[in-house]
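There are 2 protein chains.
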Amino acid sequence: MQDRPKEKVLPPKADFSAWYHELIRRTLVDQRVPMTGFLVYKPLGYELFLNCMHILEDELAKTGHKKCYFPTLIPEHLLKREEHHIAGFSNEVFWVTHGGESKLEEKAALRPTSETIMYEMLKLWIRSWRDLPLKIHQSCSVFRYETKHTRPLIRDREILWNEAHTNHATAKEAAAQIDVGIKIYSELFRRLAIPVIWIDVVAGVFAGAEAAVEPYTIFPEGRVLEMGSVNNLGQRFSRVFDVKFKTEDGRDEYVYQTCYGVSERPLAAIVAVHGDDKGLVLPPEIAPTQAVIVPIPYEANKKKILNGARALKEKLKGFRIELDDREQITPGEKFYEWEMAGVPVRIEIGPKDLEKGGATLVRRDTGKKEFVKTDKIAARLEQMFVEIFKNMTDCAKRYHDSKIKAVKSIEDVKKAVTSDMLAQLAWCGELECAAKIEKAVDTPFIGKDHYQTTKGKCVGCGKPAKFLGYVGKMY
Amino acid sequence: MQDRPKEKVLPPKADFSAWYHELIRRTLVDQRVPMTGFLVYKPLGYELFLNCMHILEDELAKTGHKKCYFPTLIPEHLLKREEHHIAGFSNEVFWVTHGGESKLEEKAALRPTSETIMYEMLKLWIRSWRDLPLKIHQSCSVFRYETKHTRPLIRDREILWNEAHTNHATAKEAAAQIDVGIKIYSELFRRLAIPVIWIDVVAGVFAGAEAAVEPYTIFPEGRVLEMGSVNNLGQRFSRVFDVKFKTEDGRDEYVYQTCYGVSERPLAAIVAVHGDDKGLVLPPEIAPTQAVIVPIPYEANKKKILNGARALKEKLKGFRIELDDREQITPGEKFYEWEMAGVPVRIEIGPKDLEKGGATLVRRDTGKKEFVKTDKIAARLEQMFVEIFKNMTDCAKRYHDSKIKAVKSIEDVKKAVTSDMLAQLAWCGELECAAKIEKAVDTPFIGKDHYQTTKGKCVGCGKPAKFLGYVGKMY
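Rendered as structure tokens:
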């Protein structure tokens with residue numbers, strides 16, 4: 000189902016937007032559905048997404064989150080119950096109004112997120128302090144009628160995501176859970192080799208949350224991508240949805256809640272951060288195909304080489320291996336396709352390799368070739384995957400650091416953002432200062448670093464600063 | 000999140016409908032969402048469902064089906080393009096008409112199934128005979144605005160399912176694929192220990208299909224449940240959606256298509272066929288918890304017993320094991336809960352077990368107890384799972400056979416269906432005869448056995464019969 004290479008040459012990565020769209024269309028998704036903002040996930044794209052989600056779901060399971068499934072439809076009265084929530088989502092909700100020819104008694108929203116329907120049920124599930132903490136999560140689609148320009152894997156109208164929701168007896172426990180959420184997502188991003196900055200957002204907190212921390216990564220064109228959101232809801236929703244519990248000493252108390260979600264956006268980051276002029280470069284852990292065996296036969300030894308390739312595939316069955324034995328295309332065309340698909344290692348078996356009793360391993364990330372004896376290939380592959388992951392992590396980190404510019408004046412903020420960098424600056428913590436900087440450079444003040452602080456002087460007002468703020472273009 | 004046993008006593012299985020609803024509410028799903036026909040899958044229910052789906056998805060992968068994801072929304076013009084299809088679904092489609100405050104330019108259906116949107120894309124993906132066969136599948140929700148009485152896990156308005164779609168160069172290959180589809184589903188049902196009869200349906204073929212084969216299982220109250228559907232679409236959809244390919248000799252030809260789907264209904268069958276007065280009984284392969292360790296401590300040896308239980312859990316980590324060390328409830332209450340949840344084996348560790356250096360294994364299916372030395376437990380558990388699966392398969396088969404009544408007259412058909420049996424009869428193959436029998440007994444003539452034939456005389460007309468027909472109440 001992969002399109003043939005002859006169709007169109009992939010633009011260079013320097014032409015980022017054209018490169019991104021053409022590359023994902025060739026490999027991950029098909030946008031040609033007759034509905035703006037909706038995507039078809041092709042096999043490679045969907046498997047890559049699921050492999051990311053499996054990492055996340057495993058981490059959620061390890062930390063006591065139980066997997067559930069709640070309905071896609073939410074009746075209007077539930078969605079409208081929490082005022083900040085509906086204010087935040089009312090412009091971007093898809094409404095189901097009819098079943099067959101009949102008008103529904105009450106219209107229903109396609110979930111833009113699931114708080115309202117989940118918490119309506121939690122009210123029934125939670126009775127006493129013994130039921131707490133209660134942590135659930137689900138992987139599902141959510142729907143947003145985006146009025147902004149949609150972009151595949153960045154801003155879609157049907158979003159594939161995982162949302163986790165936790166319930167606690169005290170505010171302190173909920174605050175501690177925020178750290179757990181951050182840790183879970185950090186582990187995901189670490190294994191995708193995607194560097195992120197965790198930012199306490201200043202404006203645009205999740206509709207209904209008291210506070211939000213979000214991981215951002217920087218794209219080549221200098222915009223940052225919000226890769227998820229970890230929210231402290233306090234008792235806002237529990238008061239509205241009446242989610243109460245009996246405390247150990249017999250009082251009635253509202254639960255403290257947190258929620259966090261991550262969508263298909265990590266796929267966009269994998270493409271943008273690791274990809275190169277030849278196409279995708281995938282971390283071995285999540286690559287749907289970890290290595291591809293390409294036989295390079297000549298008529299005289301065709302059978303022998305094919306048999307050698309098949310035997311090798313059998314030996315490597317602990318990995319996700321493909322044997323590309325198609326006859327209608329040349330080895331060169333195969334290289335082109337598999338490189339574009341980001342397969343971490345290509346294993347070539349030609350006459351010389353066969354003679355020497357081995358195969359040539361070619362790394363996707365560096366292009367380096369290495370002859371390895373057949374009985375050593377499995378062990379070498381294992382090791383090579385570690386080396387590839389390490390190299391991808393290092394490269395991504397260097398690239399990421401190169402896109403952050405520490406600045407000391409509003410003028411330098413302006414310079415940084417116009418040269419496609421993320422500006423990092425000292426900030427006093429006052430919202431007026433943030434607004435002033437934002438206005439002066441006509442670029443969003445995203446928030447402050449969740450971990451790092453500073454002792455410099457606020458770029459806005461010149462007073463002593465506590466925080467490290469970020470200003471940059473956003474998707 | 001499991002409700003406490005004290006709430007309500009589970010009705011006996013003989014009171015099937017009450018038993019079924021109370022049991023699934025306590026264990027698998029929560030129907031108390033404020034929308035008729037929609038369910039919340041609780042952790043046990045959802046994990047059980049996913050475990051079934053994993054078996055299916057593995058079989059689909061092994062037979063060359065690639066996993067994709069297509070949008071939930073289908074624009075009206077696509078859904079309406081194939082006339083039989085829209086005729087079959089028009090009364091039961093949920094329509095999305097608004098995004099935020101704006102009316103959509105074209106309304107969109109929540110997919111009732113995905114043929115129309117998939118085939119619109121296949122038109123772009125398939126070009127030549129080299130692209131065939133092309134087999135894809137997806138696991139997703141589909142939506143049907145059911146006007147019939149809804150029943151949880153049997154007739155829901157949001158259905159969790161897997162749908163597979165295949166494309167072939169010839170009618171012969173498509174016909175062969177039907178057998179592959181049947182084989183895949185048969186393997187699933189075999190591993191769930193659910194006996195089914197494969198029936199070529201006479202009426203109510205999938206909207207747009209040329210022919211359908213469906214697996215049916217029999218419920219205690221004598222109704223049969225359709226557990227899926229394997230459909231030969233011929234060129235009906237490919238002609239309408241213009242899915243063409245260049246043949247090897249250069250002609251343009253429409254592809255031949257098949258599709259098959261299976262939903263959450265296997266969960267209902269697992270409950271109904273295997274369950275007993277104490278609750279669920281789950282096959283070990285799919286049980287979210289395969290064995291539960293229940294320590295039975297007395298004050299004097301509490302610590303020792305708990306340590307023994309913990310050490311045992313560690314030893315058994317190759318299985319899905321829970322250690323129930325809750326202090327607030329008694330071992331008896333724990334037994335009650337885990338039995339209701341259908342956990343295949345309970346492992347009790349009491350003072351005597353500890354003294355003898357082992358634990359007592361109790362089978363959920365038979366209630367039999369067996370003392371096993373600690374270092375033999377892992378091996379014994381493995382073996383016991385095989386024995387449990389064998390026993391569940393045998394019991395289900397005996398039960399299933401006992402619900403089928405071979406009959407020779409219309410009067411006997413009537414007797415069979417009024418005593419909650421499925422009537423099996425000789426049938427000449429004429430639709431008028433089927434209609435005549437159906438009318439006479441006021442019960443559906445479902446179809447004919449896909450595998451077995453007969454040499455008897457048709458119950459409808461007395462002429463020599465070729466087929467084995469089935470008449471029975473349906474859900």
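In order, the protein sequences belong to chains A and B.
Quick note, the first sequence lines up with residues 0 to 474 if you use numbering that gives the first Met the number 0.
Quick note, the second sequence lines up with residues 0 to 474 if you use numbering that gives the first Met the number 0.
Built from N, CA and C at the ideal position, the CB exists for glycine as well.
Cutoff 9 Å: residue i Cβ touching any chain B Cβ
i	result
I135 (chain A)	yes
A107 (chain A)	yes
N501 (chain A)	Here chain A has residues from 0 to 474 only, and residue 501 (chain A) is not among them.
E499 (chain A)	Residue 499 (chain A) lies beyond the residue range present for chain A, which begins at 0 and ends at 474; the question has no answer from this structure.
I183 (chain A)	no
I116 (chain A)	yes
M0 (chain A)	Low confidence applies here, because M0 (chain A) scores a pLDDT of 43, under 50, leaving its location unreliable; read the following figure in that light. Yes - at least one Cβ of chain B is within 9 Å of the one on M0 (chain A).
P490 (chain A)	Nothing in the structure corresponds to residue 490 (chain A), since chain A is present only between 0 and 474.
E81 (chain A)	no
G98 (chain A)	yes
K303 (chain A)	no
K41 (chain A)	yes
Contact with chain A by residue i, beta-carbon distance below 9 Å
i	result
D57 (chain B)	no
D441 (chain B)	no
E172 (chain B)	no
F476 (chain B)	Since the first and last residues shown for chain B are 0 and 474, residue 476 (chain B) lies out of range.
C67 (chain B)	yes
S101 (chain B)	yes
T453 (chain B)	no
P151 (chain B)	no
E437 (chain B)	no
L77 (chain B)	yes
L281 (chain B)	no
F37 (chain B)	yes
Residue i CB to nearest heavy atom of the ligand HEM below 8 Å
i	result
H164 (chain A)	The model depicted lacks the ligand HEM and carries no ligand whatsoever.
Coarse secondary structure for residue i, derived from DSSP in three states
i	result
S228 (chain A)	strand
S113 (chain B)	coil
I445 (chain B)	strand
F69 (chain B)	coil
D419 (chain A)	coil
T165 (chain A)	strand
M392 (chain B)	The question names Met, but residue 392 (chain B) is Thr in the sequence shown. Three-state DSSP puts T392 (chain B) in a helix.
A464 (chain A)	coil
L424 (chain A)	strand
L191 (chain A)	coil
Q289 (chain B)	coil
S408 (chain A)	coil
Same chain, Cβ closer than 7 Å to residue i, neighbours up to 5 away in sequence not counted
i	result
L232 (chain B)	G207, A208, E209, Q256, T257 and C258
I73 (chain A)	A107, A108, R110, T115 and I116
T169 (chain B)	Y255
6 Å Cβ shell around residue i - same chain, five flanking residues per side excluded
i	result
F142 (chain B)	F93, L109 and E157
D241 (chain B)	K122
I346 (chain B)	A290, I292, A358 and L360
S262 (chain A)	I158 and W160
A192 (chain A)	P282, M391, T392 and A395
W124 (chain A)	none
D2 (chain A)	Reliability of the predicted coordinates at D2 (chain A) is poor, the pLDDT of 46 falling under 50, and the value obtained from them is presented with this limitation in mind. Closer than 6 Å at Cβ, skipping near neighbours: R25.
Sequence-distant residues of the same chain with beta carbon closer than 8 Å to residue i, five excluded per side
i	result
T64 (chain B)	The sequence shown places His at residue 64 (chain B), not Thr. Around H64 (chain B): K134, I135, H136, A163 and T165.
T452 (chain A)	K465, F466 and L467
Continuous beta strand (DSSP E) assignments of at least 3 residues falling wholly in the region 348-379 of chain B: 357-362 and 368-372
Please list the segments of the beta strand (DSSP E) lying wholly inside the region 118-156 of chain A, counting only runs of 3 or more residues, in order along the chain. 133-142
Every unbroken beta strand (DSSP E) within the region 207-276 of chain B, with a cutoff of 3 residues, ordered by chain: Within the region 207-276 of chain B, the runs of beta strand (DSSP E) that reach at least 3 residues and sit entirely inside it are, in chain order, 210-217, 223-225, 228-233, 243-245, 251-253 and 255-261.
Along the chain, which unbroken stretches of the alpha helix (DSSP H) at least 4 residues long are found entirely within the region 4-63 of chain B? 15-26 and 42-61
Do the region 261-279 of chain A and the region 241-249 of chain A touch if we need at least three Cβ pairs shorter than 8 Å? no
Taking only runs that begin and end inside the region 73-99 of chain B, name each unbroken alpha helix (DSSP H) of 4 or more residues, in chain order. 75-78 and 82-88
Between the region 385-398 of chain A and the region 427-439 of chain A, do at least 3 Cβ pairs fall closer than 8 Å? Cβ pair count under 8 Å is below three, so no.
Should the region 346-355 of chain B be called in touch with the region 304-322 of chain B, which here means at least 3 C-beta pairs below 8 Å? yes
Under 8 Å: do the region 80-88 of chain B and the region 216-227 of chain B share three or more Cβ pairs, one atom per stretch? no
Between the region 397-416 of chain B and the region 175-186 of chain B, can you find at least three pairs of beta-carbon atoms closer than 8 Å? no
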